[in-house]
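Q:
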């Protein structure tokens, strides 16, 4: 009798585990496929895949964790999940790089055909002291630039006070020993806010880039790299415009009540929906500028889009991602609690080579600076 009860309990436990295994497999399969669909389904037609694309790093971590668990307990559906994951191999490569050889290459030596480029959303140089515990962030940013000494820098959300005796543009120009600077910004006569390109090389043919609603989304200029022209584009695509309450909600997410969480997420998702729609049209404008460039081209900026998204897929159809070619890890560029977001990029045409991609973890903005080495082809 006792033996019979043990068998019944074992069968019951096995049945429960089997159901849990089935549910987990179905949930992970659907989540993974929906994330992959974000590359191909426009948010104008169906928004749900976009959110799964945004959460793809976590879905990927869950996939690999569960696959390892299934392999340990010798469940055959592990191979089914492996097949599902491998369907989106390009999405995985764009999300996470696990090749340590990127940092053991012989590309540290700089030649006449190579230079260091950086992209950084400086969030107005912390003008309003958003970063808690940091004193004079602007000075720390200047020190960071002096230490890294990039040859070309693309800033988004740059702040310049025109009536200062030594304004921010002048100081950065002196720190980098830049011979040229191209800037375009909204101005009230006292302050400039917007885009700046600093370069140790001569810049020419500067242009403004407007989206289909006639809003300024970037600037471009041609850099003369030792006799060879390279077009530099610096953009900032539509932000979801998170306010103080949104950031405060995210920072205190683990302490808020369920009702407050629901309200906070609703506010953020509403802003995200509006931004998704605008960035689709902006991506088309960027692609047009890429196709019209007579020179090798580098596109830097804050896209506000993850690498598993419709806009990223459209922009990178004929252009390479420097992180994919020379990065390591998830390359997170947006500093938000609990979230893994890579939304800042350095992209380049296929006739350029990139290496030594670095995400700088210095806490100087709500974004991290990114940089890489670019080498001109012969």
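Residue numbers (the working numbering): 13 to 390. C-beta atoms are modelled at their ideal positions from N, C-alpha and C, and glycine is treated no differently.
Can you check which of these residues, 50, 51, 108, is closest to residue 339 by C-alpha distance?
A: To locate residue 339, count along the chain shown from 1; it is residue 327. Among 50, 51, 108, the Cα nearest to that of residue 339 is on 108.
Q: Three-state secondary structure (DSSP) at residue 187?
A: Position 175 of the chain shown holds residue 187. Helix at residue 187.
Q: How is the alpha helix (DSSP H) around residue 378 delimited, first residue to last?
A: By 1-based counting over the chain shown, the position of residue 378 is 366. Where residue 378 is concerned, there is no enclosing alpha helix (DSSP H), given that its DSSP letter is neither H nor E.
Q: Span of the beta strand (DSSP E) holding residue 368?
A: Start at 1 with the first residue of the chain shown, and residue 368 comes out as number 356. Segment 364-371, the beta strand (DSSP E) holding residue 368.
Q: Compute the distance between the beta-carbons of residue 352 and residue 69, then report whether it is under 8 angstroms.
A: For this step, residue 352 is matched to residue 340 along the chain shown. For this step, residue 69 is matched to residue 57 along the chain shown. Contact flag set, yes.
Q: Comparing alpha-carbon positions, which option in 344, 325, 361, 369 lies nearest residue 305?
A: Position 293 of the chain shown, counting from 1, holds the residue named residue 305. Nearest option by C-alpha distance: 361.
Q: How about the stretch 39-49 and the stretch 309-319: do they share at least three Cβ pairs that are nearer than 8 angstroms?
A: Because the criterion of three Cβ pairs below 8 angstroms is not met, the stretch 39-49 and the stretch 309-319 do not touch.
Q: Thinking C-alpha only, which one of 20, 179, 129 is nearest residue 358?
A: The residue labelled residue 358 in the question sits at position 346 within the chain shown. Closest by alpha carbon: 129.
Q: Roughly how many whole angstroms lie between the Cα atoms of residue 392 and residue 318?
A: There is no way to answer for residue 392, as the model of the chain reaches only from 13 to 390.
Q: Look up residue 135 in the DSSP assignment and give the residues it is bridged to.
A: Within the chain shown, residue 135 is the residue found at index 123, counting from 1. DSSP, once it has assigned bridges, lists no residue as partnering residue 135.
Q: At what residues does the beta strand (DSSP E) containing residue 108 begin and finish?
A: Residue numbering aside, residue 108 sits at position 96 when the chain shown is read from its first letter. Where residue 108 is concerned, there is no enclosing beta strand (DSSP E), given that its DSSP letter is neither H nor E.
Q: Of all the options 225, 156, 192, which has the alpha carbon lying nearest to the alpha carbon of residue 383?
A: Residue 383 sits at position 371 when you count from the first residue of the chain shown. Nearest C-alpha to residue 383: 156.
Q: Quick one: using the 10 Å Cβ neighbour count with 16 as the cut-off for buried, is residue 188 buried or exposed?
A: In the chain shown, the residue the question calls residue 188 occupies position 176. The residue is buried, with at least 16 neighbouring Cβ atoms inside 10 Å.
Q: For residue 62 and residue 179, what's the separation of their Cα atoms in angstroms?
A: Counting from one through the chain shown, the residue named residue 62 turns up at place 50. Counting from one through the chain shown, the residue named residue 179 turns up at place 167. Their Cα atoms are separated by approximately 41 angstroms.
Q: Apply the 10 Å Cβ neighbour rule to residue 148 and answer buried if 16 or more other Cβ atoms are within range, or exposed otherwise.
A: Here residue 148 corresponds to residue number 136 of the chain shown, with the count starting at 1. Exposed.
Q: Using only alpha-carbon positions, find the residue among 249, 331, 335 that is nearest to residue 133.
A: Numbered from 1 along the chain shown, position 121 holds the residue referred to as residue 133. Residue 133 has its Cα closest to that of 249, out of 249, 331, 335.
Q: Compare the Cα-Cα distances from residue 343 to each of 30, 105, 80 and report the closest residue.
A: As a working mapping, residue 343 is identified with position 331 in the chain shown. It is 105.
Q: Name the two residues that bound the continuous beta strand (DSSP E) containing residue 78.
A: Locating residue 78 in the chain shown gives position 66, counting from the first residue. Not the beta strand (DSSP E): residue 78 falls in the alpha helix (DSSP H), residues 68-84.
Q: Use the C-beta contact count for residue 158: other C-beta atoms within 10 angstroms, 16 or more gives buried, fewer gives exposed.
A: As a working mapping, residue 158 is identified with position 146 in the chain shown. Classification for residue 158: exposed.
Q: Residue range of the beta strand (DSSP E) that residue 220 falls in?
A: Position 208 of the chain shown holds residue 220. Unbroken beta strand (DSSP E) run through residue 220: 214-222.
Q: If the criterion is Cβ atoms closer than 8 angstroms, does the pair residue 136 and residue 205 meet it?
A: In the chain shown, residue 136 corresponds to position 124, counting from 1. In the chain shown, residue 205 corresponds to position 193, counting from 1. Closer than 8 angstroms, so yes.
Q: Count the other CB atoms within 10 Å of the CB of residue 97; is the residue buried (16 or more) or exposed (fewer)?
A: For the purposes of this step, residue 97 is taken as residue 85 along the chain shown, with counting starting at 1. Result: buried.
Q: Tell me whether the beta-carbon of residue 252 lies closer than 8 angstroms to the beta-carbon of residue 287.
A: Along the chain shown, read from residue 1 onward, the residue named residue 252 stands at position 240. Along the chain shown, read from residue 1 onward, the residue named residue 287 stands at position 275. Yes. Within cutoff.
Q: Below 8 angstroms between beta carbons: does that hold for residue 345 and residue 126?
A: For the purposes of this step, residue 345 is taken as residue 333 along the chain shown, with counting starting at 1. For the purposes of this step, residue 126 is taken as residue 114 along the chain shown, with counting starting at 1. Not closer than 8 angstroms, so no.
Q: Which of the three DSSP states, helix, strand or coil, is assigned to residue 38?
A: By one-based count along the chain shown, residue 38 stands at place 26. Here residue 38 sits in helix by DSSP.
Q: Answer with buried or exposed for residue 99, where buried requires no fewer than 16 other C-beta atoms within 10 angstroms of its C-beta.
A: Start at 1 with the first residue of the chain shown, and residue 99 comes out as number 87. Result: exposed.
Q: Who pairs with residue 128 in a beta bridge, going by DSSP?
A: As a position in the chain shown, residue 128 is number 116, starting the count at 1. Its beta-bridge partners are 385.
Q: For a quick check, are the C-beta atoms of residue 231 and residue 209 less than 8 angstroms apart?
A: Residue numbering aside, residue 231 sits at position 219 when the chain shown is read from its first letter. Residue numbering aside, residue 209 sits at position 197 when the chain shown is read from its first letter. In this structure, residue 209 lies closer than 8 angstroms to residue 231 by Cβ.
Q: If you draw a straight line from the alpha carbon of residue 151 to that of residue 186, how long is it in whole angstroms?
A: Residue numbering aside, residue 151 sits at position 139 when the chain shown is read from its first letter. Residue numbering aside, residue 186 sits at position 174 when the chain shown is read from its first letter. Each residue's alpha carbon lies about 14 angstroms from the other.
Q: Please state whether DSSP places residue 27 in a helix, a strand or coil.
A: In the chain shown, counting from the first residue as 1, residue 27 sits at position 15. Looking at residue 27 - three-state DSSP - the assignment turns out to be helix.
Q: Could you tell me how far apart the beta carbons of residue 322 and residue 292 are, in whole angstroms, since I believe they sit closer than 8 angstroms?
A: Residue numbering aside, residue 322 sits at position 310 when the chain shown is read from its first letter. Residue numbering aside, residue 292 sits at position 280 when the chain shown is read from its first letter. That pair is a contact at about 7 angstroms.
Q: What residues in its chain sit with their C-beta under 6 angstroms from that of residue 370, if we drop five residues either side in the sequence?
A: As a first step, residue 370 must be located in the chain shown, where it is residue number 358. Contacts found: 383.
Q: So, under 8 angstroms CB-CB, residue 131 and residue 356 are touching, yes? Tell me the CB distance rounded to an integer number of Å.
A: Residue mapping note: residue 131 aligns to position 119 of the chain shown, counting from 1. Residue mapping note: residue 356 aligns to position 344 of the chain shown, counting from 1. Contact holds; Cβ gap of about 6 angstroms.
Q: Is it the case that the Cβ atoms of residue 389 and residue 373 are separated by a distance below 8 angstroms?
A: Residue 389 sits at position 377 when you count from the first residue of the chain shown. Residue 373 sits at position 361 when you count from the first residue of the chain shown. No, Cβ-Cβ distance for residue 389 and residue 373 is not below 8 angstroms.
Q: Is it true that the CB of residue 181 sits closer than 8 angstroms to the CB of residue 195?
A: Reading the chain shown from its first residue, position 183 is the one you call residue 195. Reading the chain shown from its first residue, position 169 is the one you call residue 181. Yes, the Cβ-Cβ distance between residue 195 and residue 181 is below 8 angstroms.
Q: When burial is assigned at 16 or more other CB atoms within 10 Å of the CB, is residue 169 buried or exposed?
A: To locate residue 169, count along the chain shown from 1; it is residue 157. With 16 or more other Cβ atoms within 10 Å, it is buried.
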